[in-house]
Structure formats: C-alpha cells, structure tokens
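Only one structure is covered here, and it is reproduced in the block below.
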Amino acid sequence: MDFGVQMVVELKEGLADPQSRAIHESLPTMGWDNVDFLSVGKYFHFHVDAPDRDAAVEQATEMAERFLSNPVIERFDIRDVYVADAVPLETGE
Amino acid sequence: MTVRVGVVTFPGSLDDRDALRAVATMGAEPVSIWHGDRDLGGVDAVILPGGFSYGDHLRAGAIARFARVMDAVRAFAHDGGPVLGVCNGFQVLCEAGLLPGALIRNRSLSFVCRWVNLRTENPSGNFTNWPDGEVIQIPIKHGEGQFVADESTLDRLERGGQVALRYCSPSGGVDDGFNPNGAARNIAGIRNQRGNVVGLMPHPEHAVDPDLGPTGGQAVLEWLIASAHARQPEHAVSAR
Chain A
6 MDFGVQMVVE
16 LKEGLADPQS
26 RAIHESLPTM
36 GWDNVDFLSV
46 GKYFHFHVDA
56 PDRDAAVEQA
66 TEMAERFLSN
76 PVIERFDIRD
86 VYVADAVPLE
96 TGE
Chain B
321 MTVRVGVVTF
331 PGSLDDRDAL
341 RAVATMGAEP
351 VSIWHGDRDL
361 GGVDAVILPG
371 GFSYGDHLRA
381 GAIARFARVM
391 DAVRAFAHDG
401 GPVLGVCNGF
411 QVLCEAGLLP
421 GALIRNRSLS
431 FVCRWVNLRT
441 ENPSGNFTNW
451 PDGEVIQIPI
461 KHGEGQFVAD
471 ESTLDRLERG
481 GQVALRYCSP
491 SGGVDDGFNP
501 NGAARNIAGI
511 RNQRGNVVGL
521 MPHPEHAVDP
531 DLGPTGGQAV
541 LEWLIASAHA
551 RQPEHAVSAR
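Chains A and B supply the protein sequences, listed in that same order. Sequential numbering of the first sequence, starting at 6, is according to the numbering used here. Sequential numbering of the second sequence, starting at 321, is according to the numbering used here.
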C-alpha cells in the first residue's frame, strides 16, 4: 500500500541560521513587525510502499535520521502520513 | 618508496586536478580515484577534494558519503590511513561520521573567497608532523563553511587537541574579527581522535607553488605525505 509522507526539516533552535535571520529582519521593512519567529526549512513529500501506516512511519523516520536530516544541526517533523493514490497524480486519469 | 596519494573525484568535484598537481609538487605520486571505484588502488593517503559533489543537493556532502568509494575510504580511515578532506571533502567527512560537527551557511550569507591567516594547532604534540602555533596563509572559497557542533563536542575537541587550524590575525591572535564565516571558536579545521583524519575549509592545494603566492598549504600536505610514509613498512607487511 502506498503511503504519502510529508516531512519538514529545520535547523535546530539556537543554531546560527543566517538565512532565516536575514529574512526575518527584512519583514519589518515591509510592515510586518509582529513576526517574532521565522525558520526556513526543507519540505519533503514522498510515497512509501509499506504494509501499514506504522511501517511507513518507521521507514520515514529512519530516512530522516540517516539521510534527509543531519541530526547534528537539524530536527525533523513528520507532518502527515496518508493513504496515497496508487496512480501518481500527474499520470492519473 | 614514493608515497602514493589518491584524490577522489565525485561528480561535481572541482579541485581534484589542483590536488593531484599539488601532490606532485610536494614530491608524492598522485593517483586519481573515481567515486564509483570499489577500492583505493593501494594508495598510502587519500584526499577528498573541494567542489560541489552531487550539486550540494540536500546538504553539502550528504550524498557523496553514499558513493561506492566511500566504503573503502571509511575502511582505510578506520585502519589508520591518513585522510584529508578539503572544503567539500571536509563536509563529506562530517556527513560520513568520520569527523564530528557540521558545516552550515556562512554567517554573512555570502560566498567568501580570499586568503586567510591560520594558526596551526597541535598542543600536545601528539600528532606527528603537524606544527603547533605557526601562522600559515591558505585561501578559502566557500558558502557553507561555518563549523558548528554542540558545546560539549567543541569542549571535547579542544581537550583532545583535535582542533587542527583556527582562523587568526597575521600575528596568530584568535578573535572574532578574523573569523570569515562565523565558525565556532574560529575553527577552520579539525582532526579525529586518532589524528589520521583531518578536515579543513581552507584549500592547501591552492597554496603550494611559490610562483602563485603564499605556500601555507605545504605544511598540510607535508603532514599527509609524512603520515603516509610513516605507515609504509606496516602497510607492506599487511599487504602480503
């Protein structure tokens, strides 16, 4: 069964993150002076063929820990796991 | 016997040819190694060069660590073989778990390309052929060279004498004003506990030929070649 997984990887809090800081500091110049936190991260969306949801989560977690994130500097969060269509959207009828 | 130094070429490596040339300039035999090779061809030392392996996709060095040749590099390093990772090579060594810490975007968000002063460190003198307290000049050129690690890891690196190079003033003073990328504690290069694996952001291969400028890179390559040379008799025995 195909499970869709949506995952976010962000730099750990407290780590110097110049990119996020630069974006954050530019917000007030455009009038948004009420944003007190901003973090730029990576978004992963993939389909896993797994026997059940738990197995899909387990594999996604392992993928995050070993490859998609670097635990020294990043943390990951699985935001959603859902039953995916057997036919990918772009080729579906 | 002439020391044979292998330089690994990944897709996207840029400084492999400069590294091969620098090895020859330093009197050792340069050997090209392809990322798809299963073995290192019996070389005595390995350089992982700078560049943008696999386009720096995901994270710098994150994909190169899965290259077929990296199993051989890992085994070579675990066996005590001298391994030098430069810039992207340093990032690969960190991603591969052969060195602690990680390298993130420069504090300035800008790519930096210039000569820097570096203080060599070997406080206990444990790491043969690596000078202590000398100021050398080597160029840097990177966008993601800010070395980071948690405080306990940094303390452990300091205690073990594992900081190999720090960004410094022309007279060797270490302060933030001479830190080009925001690296923790001005760290430009580190070594593993055993001292046989060294990773640094500066490019020693660009600083060996006196016709082209300062020759601070010679000290780094001399370390690599001398470390390889010191292992040769043992190597010959184990090969038989």
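In this text, a Cβ means the ideal position worked out from N, Cα and C, and glycines have one as well. As the structure is a prediction and not an experimental result, all values here were calculated from the model.
From the beta carbon of residue i, is the nearest beta carbon of chain B less than 8 Å away?
i     : result
Q24/A : yes
E98/A : With a pLDDT of only 48 at E98/A, under the threshold of 50, the placement of this residue in the model should not be trusted, and no figure is reported.
L20/A : yes
M12/A : no
A61/A : no
I83/A : no
With a threshold of 8 Å between beta carbons, is residue i in contact with chain A?
i      : result
V351/B : no
L429/B : yes
S558/B : Residue confidence is low: S558/B scores 49 on pLDDT, short of 50, so the model does not pin down where it sits. Its coordinate-derived value is still stated next. Answer no: the Cβ-Cβ gap between S558/B and chain A never drops below 8 Å.
Q552/B : no
F330/B : no
Q482/B : no
A344/B : no
A339/B : no
Q466/B : yes
A387/B : no
R379/B : yes
Starting from the beta carbon of residue i, find every residue of chain A whose beta carbon is closer than 7 Å, and list them in chain order.
i      : result
A422/B : N75, V77, I78
R425/B : P23, Q24
So residue i is in the beta strand (DSSP E); what residue range does that whole segment cover?
i      : result
Q457/B : 455 to 462
L520/B : 517 to 520
Q482/B : First-last for Q482/B: undefined, no H or E at that position.
G405/B : 403 to 406
R439/B : 432 to 440
V561/B : In this structure chain B extends from 321 to 560, so residue 561/B is not present and cannot be described.
V13/A  : 7 to 16
G2/A   : No information on residue 2/A is available, as it lies outside the stretch 6 to 98 that chain A covers here.
D85/A  : 79 to 88
L422/B : Here residue 422/B turns out to be Ala, not Leu, going by the sequence shown. Run containing A422/B: 422 to 424, per the beta strand (DSSP E) assignment.
A365/B : 365 to 368
V494/B : That residue, V494/B, is in no beta strand (DSSP E); it is neither H nor E in DSSP.
V528/B : It is not in any beta strand (DSSP E) - V528/B carries neither H nor E in the DSSP assignment.
F467/B : 466 to 468
Over the uninterrupted alpha helix (DSSP H) stretch that includes residue i, give me the two end residues.
i      : result
T34/A  : Per DSSP, T34/A belongs to no alpha helix (DSSP H) and is neither H nor E.
H398/B : 388 to 398
A508/B : Premise fails: A508/B lies in the beta strand (DSSP E), 507 to 511, not in any alpha helix (DSSP H).
Q64/A  : 58 to 68
T345/B : 336 to 345
S352/B : It is not in any alpha helix (DSSP H) - S352/B instead sits in the beta strand (DSSP E) that spans 349 to 354.
In chain A, what lies closer than 8 Å to residue i by C-beta?
i      : result
E415/B : N75
A469/B : V77
So does residue i have its beta carbon nearer than 7 Å to some heavy atom of the ligand PLP?
i     : result
S44/A : The model on display carries no ligand, and the ligand PLP is accordingly not part of it.
Can you pull the chain B neighbours of residue i, defined as C-beta to C-beta under 7 Å?
i     : result
A69/A : Correct list: empty, because the minimum Cβ distance to chain B is about 12 Å.
Please list, in chain order, the chain B residues whose beta carbon lies closer than 8 Å to that of residue i.
i     : result
A27/A : L429
Under 8 Å, Cβ to Cβ, is there at least one residue of chain D near residue i?
i      : result
G445/B : The structure shown contains no chain D; its protein chains are A and B.
| Inter-stretch contact (C-beta, 8 Å, three-pair minimum) for the stretch 392 to 411 of chain B and the stretch 511 to 521 of chain B | Yes, they touch.
| message | Give me the subset of the stretch 490 to 513 of chain B whose CB atoms are less than 8 Å from a CB atom of chain A, sorted by chain position. | response | G502
| Between the stretch 436 to 444 of chain B and the stretch 474 to 492 of chain B, do three or more beta carbon pairs fall short of 8 Å? | yes
| task | Could you say if the stretch 76 to 93 of chain A and the stretch 322 to 340 of chain B meet the contact criterion of at least three C-beta pairs nearer than 8 Å? | result | no
| Inter-stretch contact (C-beta, 8 Å, three-pair minimum) for the stretch 484 to 491 of chain B and the stretch 386 to 399 of chain B | no
| said: Closer than 8 Å is the cut-off here; do at least three beta carbon pairs connect the stretch 415 to 434 of chain B with the stretch 536 to 549 of chain B? | reply: no
| request: Give a yes or no on contact between the stretch 20 to 36 of chain A and the stretch 48 to 63 of chain A, applying the rule of three or more CB pairs nearer than 8 Å. | output: no
| Do the stretch 378 to 387 of chain B and the stretch 404 to 417 of chain B make contact, defined as three or more Cβ pairs closer than 8 Å? | yes
| field | Stretch-stretch touch, CB-based, cutoff 8 Å, three pairs: the stretch 498 to 508 of chain B with the stretch 529 to 540 of chain B | value | The stretch 498 to 508 of chain B vs the stretch 529 to 540 of chain B: no contact.
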